[in-house]
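Count along the sequence shown from 1, then add 29; that gives the number in our numbering. Everything below concerns the one structure shown next.
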Amino acid sequence: MLKKFIYYFPAISFFILMIWLSYIFGISSIENTAFIVEFLFILAGFLLSKKLIVGSFIGIIPAIGFILAGQNSKTGLETPIGIFVLIYFLLCIYLVHKSN
Numbered sequence: 030m031l032k033k034f035i036y037y038f039p040a041i042s043f044f045i046l047m048i049w050l051s052y053i054f055g056i057s058s059i060e061n062t063a064f065i066v067e068f069l070f071i072l073a074g075f076l077l078s079k080k081l082i083v084g085s086f087i088g089i090i091p092a093i094g095f096i097l098a099g100q101n102s103k104t105g106l107e108t109p110i111g112i113f114v115l116i117y118f119l120l121c122i123y124l125v126h127k128s129n
């Protein structure tokens, strides 16, 4: 059970962050792309829990988006988050491949 739960880690952590930010700043402060990213993380977690490697590639899409967004911003806060998520999904590829 815990092995399948670990695949949903980015989706759960991003969802908690979205709830917290919407509570503080209001629901209108969340951009539509955040909902798309959350959907991609949930889809990636679902596919990874079914032992399909394609789920990692779906999860890598928002990670690359975070890295590129961090390159264009002044603070660059998104870049380390994107790198962490990218490494996470690369490790998920290894875990799914190893279990198959």
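In this text, a Cβ means the ideal position worked out from N, Cα and C, and glycines have one as well. Remember, it's a predicted structure, so these values are computed and weren't measured experimentally.
- For Glu67, the uninterrupted alpha helix (DSSP H) segment begins and ends at 61-78.
- In this structure, Ile122 lies near Ile82, with their beta-carbon atoms less than 7 Å apart.
- Bounds of the alpha helix (DSSP H) holding Tyr117 are 107-128.
- Looking only at Leu97, Ser102, Phe38, the smallest Cα-Cα distance to Leu69 is reached by Phe38.
- Taking a 10 Å sphere around the C-beta of Ile65, we find fewer than 16 other C-beta atoms and assign the residue as exposed.
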